[in-house]
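Going by the working numbering, the first residue of the sequence shown is number 2, and it counts up by one from there. For every residue, glycine included, the Cβ atom is placed at its ideal position computed from N, Cα and C. Structure first, commentary second.
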Amino acid sequence: MLTENGVLDMRNGTSARGQVVQLIDVRRVQSATVAPAGGNERYRLVISDGKFFQQAMVATSLHAQMQDVRPNAVMSVDAWTPNQVSGRIIIVIMGFTVLDADYGSRIGNPQPVEAAGDSAAARAPTGGPQPGGPQPGGPQPGAVYAQQPAPLAGYAPQPHAAPPAQQQPQPWQNGSGYGGAYNQQPPQLVQYAQAQQQPPAQQQQQWAQQQPQLQQPWQQQQQPQLQQQYAQAQMQQQPVQQQQQQWAQQQQQQQMQQPPAQHWQQQQQMQQMHQPQQQQQLFGGAGGHGAVARSSEDAITMPISAINPYQNRWAIKGRVTQKGAKKTYTNARGEGNLFSFTLCDADGDIRLTCFNEVALRLHAAVNVGELLLVKNGQVKAANEKFNNTSSRYEVTLGPSSEVVPISDPHAASSIPAGHWLIVPIAALAAMDGAEGATGANAPPSRGVDVLGVLLSVGESSTFTSKAGKELTKRVVEIADDSNHSIELTIWGELATTFAGGPGDVVVAKGARLSAWNGKSLSSSFDGDVFLHPQHEKAPRVKAWYDGGGASSVIALSSSGGGAGGGGGGGGARRTIGDALAAGLGASKERPDLWSVQATVLLIKSSRELWYTSCPKCKKKVSGDDAQLWSCEACGWQGPECVRRYIGRFQISDADASLWVNAYDEVLTELLAMSADDLCRLKDVDERAYEAHLKEHSFDTFVFGMRSVLDEWNNEARVKHGAVSMKRINFEMEARAMLETIKLEAIKLR
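Below, the structure is given as structure tokens:
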């Protein structure tokens, strides 16, 4: 059942296939390393292949999957990386599949993996360069490596650095007999602890005997590295103030005994020596598709979700999904330039920022949609107030960073056009849109990703903010198959160039939720709104809209829709009384779109319900059937014209009634007959004509409405028009009523 020697394969990097292992211990601990707020909680595991067990940890991006995992569970590890920390190899699991959540008992009688004799390198001193080339038992020559994390706090400090303010407790505690790897100390520290039991003279003699074969020439002029580690171990048993005093005395003596040039050279050598000599080998790259490839002699490509501040040499491969405008800033050093862009792969996305010369050099080279290979840069904790990516970190590119366009057919097909964590619009109703909201109902600090179909698109407008800046915005309304809609404000250059229309699917990334007009969303100024996204939900939402789903949505925004740039119908569901009370259509800036479920009371027949139109341009024509019809607009002439509907009818619901205007598409649907046929019916039988109009009254439909401010005889009035009409889908109406009840219940809490 378990993969034979699977732990050894994962440890030594001799296989890139999935390994089936058992968890014999699962523990959630607080990491002692520096991490962003809320990000210092880690899962520590002990994994077993039935023969050997090994300490492991889980990548933070997988913490949600670990909630229900218990000891004795059996899983397939699909992606992992051996990571050496303070002389011990730890397996970092980057992808797994649970095969049996509770196997019930431990499989086999596993022993510590060190008993296999394969990890001599992990037990050897790591304080300096080792003679003899590659270490035995480590990853094989030619494998791909990555820089190791920094040593544990308080262990092997570099010379001439400030002493540690306090000793961090080791987090590797485990009460299980098979969890010995958690509290196992590196062999060097075990030797130090044993030496502490001897008199000082014997201690110095013992270390002097052990050092000659390990010392380099420059080491013979100062304390050996191993002795410094021993001294550090001794310091752990002393009060903090005594440690600091002893440390200062040692540094002063060393600086007095060597010339400045030699002191600088020794410091550089010691810093280089303390950089880990081995690098971790990565397997099961993005999405678990086998071994990760080397990108250069000293950097590896890794999934974006795996990048962290403890790696000095790295490379990521991804697609540019967003590129910000080049901006200027001013600080105490003067003026500067910056711009940011977002890179995504199959596992996540991350923001990269460039400053000054780097920004000027890369701004023209980075284009949305391109595949890039990025190597080296400063990785730091992300400021979620200005970062809407899924990564907890962000990258600052410097002069030594490399950004290279790549042409990789496999990457082009496997890397999506964007990385979105879609939230249903209905879920926004339960979130607190107040500024600075905290608690369980607060929206994510990075914003929300929302995918929906456009119901209405307003015109772009420019205004001056309170700070004196000229801003451009455009308000649109989107809805999804959760039967809810919300307004979204698009800012900046995209507000001017946005080309979407009603019926188009869009996704807004990292949109900020606010309590403006009930609930509304606001995009960033970097234009994180995408038309026609390549996402699995997009076809489903489009089919929902085409099937009439948007006619029964519940509006989370109270302003009545974002405005109609080009027909369509469907806006927020309202009653007639609500629409009249809200003054829809009274704004001179834009018309308002809304929808209503109403019954047709009366079709006005005091005048003809049609006009004679040009079959070519649909404009009104003059003439009669005895002579040629002619169109002044396009110059067409012919013996027959086409009659098209134009009329008025009255609708009513439980709140109020309203006279609406309608044109050919709506009246053809309402009367179930073309205007030409109805005209001939009237000419033949006037009574049959009147009966046909009454027959199609008192039917109930869902109307898409457009309300606009019009001027007639120098008098402003609101004109209401029916731009669409659909038969009632009772199943969808019932669902909409349930959602309305739920929403009202939430408001009453």
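With burial defined as no fewer than 16 other Cβ atoms inside 10 Å of the residue's Cβ, what is the status of residue i: buried or exposed?
| i | result |
| --- | --- |
| Asp547 | exposed |
| Val114 | buried |
| Met11 | buried |
| Ala202 | At Ala202, the pLDDT of 46 sits below 50, so the modelled position is not reliable and the matter cannot be decided from this model. |
| Arg718 | exposed |
| Gly7 | buried |
| Gln400 | Here residue 400 is Pro; the residue named in the question, Gln, does not match the sequence. Under this definition Pro400 is an exposed residue. |
| Arg362 | exposed |
| Trp713 | exposed |
| Val293 | At Val293 the pLDDT is 36, less than 50, meaning the model places this residue with poor confidence; the figure from the coordinates comes in the next sentence. Val293 comes out buried. |
| Gln56 | buried |
| Ser623 | exposed |
| Pro111 | buried |
| Ser607 | exposed |
| Cys632 | buried |
| Asn384 | exposed |
| Thr98 | exposed |
| Glu395 | buried |
Suppose you measure from the CA of residue i to the CA of residue j; what does that come to, to the nearest Å?
| i | j | result |
| --- | --- | --- |
| Arg575 | Gln31 | 51 Å |
| Phe526 | Phe387 | 11 Å |
| Ser675 | Tyr664 | 12 Å |
| Val78 | Gly319 | 24 Å |
| Thr465 | Arg728 | 45 Å |
| Leu474 | Ser524 | A small correction: the amino acid at residue 474 is Lys; Leu does not occupy that position in the sequence shown. Taking the straight line from one Cα to the other gives about 10 Å. |
| Glu403 | Val724 | 54 Å |
| Ile647 | Asn662 | 8 Å |
| Ala412 | Trp637 | 56 Å |
| Met274 | Met95 | At Met274 the pLDDT is 42, less than 50, meaning the model places this residue with poor confidence; the figure from the coordinates comes in the next sentence. C-alpha separation (whole angstroms): 29 Å. |
| Gln535 | Glu358 | 35 Å |
| Phe342 | Phe53 | 45 Å |
| Leu739 | Glu478 | 22 Å |
| Val321 | Ala428 | 29 Å |
| Leu3 | Met58 | 19 Å |
| Pro616 | His420 | 48 Å |
| Leu489 | Val506 | 13 Å |
| Ala347 | Ile416 | 5 Å |
| Leu1 | Thr669 | Absent from the model: residue 1. The displayed extent of the chain is 2 to 750, so no value can be given. |
| Gln66 | Met726 | 46 Å |
Are the CB atoms of residue j and residue i within a distance shorter than 8 Å?
| i | j | result |
| --- | --- | --- |
| Leu694 | Ile555 | no |
| Leu398 | Cys345 | no |
| Gly349 | Ile407 | no |
| Pro27 | Leu100 | The sequence given here has Val at residue 27, not Pro. Going by C-beta atoms, Val27 is not nearer than 8 Å to Leu100. |
| Leu456 | Ser486 | yes |
| Glu471 | Ala326 | no |
| Lys376 | Ala316 | yes |
| Gly51 | Ile90 | no |
Can you tell which of the options has its C-alpha closest to the C-alpha of residue i?
| i | options | result |
| --- | --- | --- |
| Met733 | Pro640, Arg707, Arg688 and Trp545 | Trp545 |
| Ser698 | Asp677, Ala599 and Ala735 | Ala599 |
| Val667 | Met706, Lys683 and Ala689 | Met706 |
| Ser462 | Ile426, Lys543, Leu339 and Trp492 | Trp492 |
| Gly14 | Val93, Ser62 and Arg43 | Val93 |
| Tyr311 | Lys328, His364, Val369 and Lys381 | Lys381 |
| Gly1 | Trp630, Arg352 and Gly453 | Any property of residue 1 remains undetermined from this structure, which presents the chain solely from 2 to 750. |
| Cys680 | Cys642, Val709, Asp654 and Ala655 | Cys642 |
| Asn1 | Arg43, Ala627, Ile423 and Ala365 | As shown, the chain starts at 2 and ends at 750. That puts residue 1 outside it, with no answer to give. |
| Gln737 | Glu687, Val597, Pro410 and Asp711 | Reading off the sequence, residue 737 comes out as Ala, not Gln. Looking at the Cα atoms, Val597 is the closest of the given residues. |
| Val75 | Ala65, Arg43 and Ile25 | Ile25 |
| Ala580 | Val506, Cys632, Leu629 and Ser658 | Ser658 |
| Thr497 | Arg513, Ser708, Gly459 and Asp505 | Gly459 |
| Val832 | Ser631, Phe340 and Ala383 | Residue 832 is absent from the structure shown; the chain starts at 2 and stops at 750. |
| Arg43 | Gln68, Ile351, Glu371 and Pro72 | Gln68 |
| Thr741 | Gly51, Ala431 and Gln379 | Ala431 |
| Lys510 | Arg591, Lys620 and Ser391 | Ser391 |
| Asn730 | Val703, Lys720, His721 and Ser708 | Val703 |
Could you tell me whether any non-hydrogen atom of the ligand FMN is closer than 7 Å to the CB of residue i?
| i | result |
| --- | --- |
| Ser614 | Among the components of this structure there are no ligands whatsoever, and the ligand FMN is therefore not found. |
- Length at least 4, wholly inside the segment 340 to 373: the alpha helix (DSSP H) runs in chain order: 357 to 363
- Every unbroken beta strand (DSSP E) inside the segment 2 to 73 [3 residues or more]: 20 to 31, 42 to 49 and 53 to 59
- Give, in chain order, every unbroken run of the beta strand (DSSP E) that is at least 3 residues long and sits entirely within the segment 491 to 555. 506 to 515, 521 to 523 and 530 to 532
- For the segment 641 to 665, which segments carrying the beta strand (DSSP E) assignment without a break, of at least 3 residues, lie completely within its bounds, in sequence order? 643 to 653 and 658 to 664
- Message: Ignoring anything shorter than 3 residues, give me the beta strand (DSSP E) runs that lie fully in the segment 674 to 738, in order along the chain.
- Response: 701 to 713 and 716 to 727
- What runs of the beta strand (DSSP E), each 3 residues or longer, lie entirely inside the segment 383 to 460? 394 to 398, 403 to 406 and 449 to 458
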